[in-house]
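Residues 466 to 600 (the working numbering) are what the sequence shown spells out, left to right.
For every residue, glycine included, the Cβ atom is placed at its ideal position computed from N, Cα and C.
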Amino acid sequence: MNTSTASKTDAYIPGVCNINHAEIAYRKKAGYLGIAIFVVILAVMLTLGINRYARLALFVPAFLAAIGFLQARNRFCVGYGAAGQQNASEGSAKASVVADKAAVSKDKQRAQQMNLQAAGIAAATAIVCVLIPSF
């Protein structure tokens, strides 16, 4: 799969690119929000000496951060991909339905792959946080 093609075009490419620059910016913001929530919750947990296994709950904001940045980097929205939609046209504010069944299949496969990547990143991050000693 050649993701460099996606960065050189504004066109929808099944399984590769399904969002435009405005959508990419939105996903970056979601990624940064996930990081901010993660850092605040971790700091509170460490400061209050909350049970280290409770830190596994950090999976949620870590997943939000990971999926946001993965979507931005890959120019691919997992929600659109799973729903058979795309919004790759610049200036478009609304997603459109993907009619081609083969394209929808590629998009769903890519969405699942990215969700698994984000889950792996989030799980690893949460596990590392369990190992950090409290203050």
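Per DSSP, G546 is one residue of the alpha helix (DSSP H) stretching across 543–548. With a cut-off of 8 Å on Cβ pairs, the segment 528–547 is not in contact with the segment 507–518, counting fewer than three such pairs. When DSSP states are grouped into helix, strand and coil, I484 belongs to the strand group. With a cut-off of 8 Å on Cβ pairs, the segment 525–532 is in contact with the segment 585–596, counting three or more such pairs. Rounded to whole angstroms, the separation of the alpha carbons of K493 and I484 is 13 Å. For F600, there is no enclosing alpha helix (DSSP H), as DSSP marks it with neither H nor E. DSSP links Q551 through a beta bridge to S561. Collapsing the DSSP output to three states places I500 in a helix. The Cβ atoms of I586 and R517 lie no closer than 9 Å to each other.
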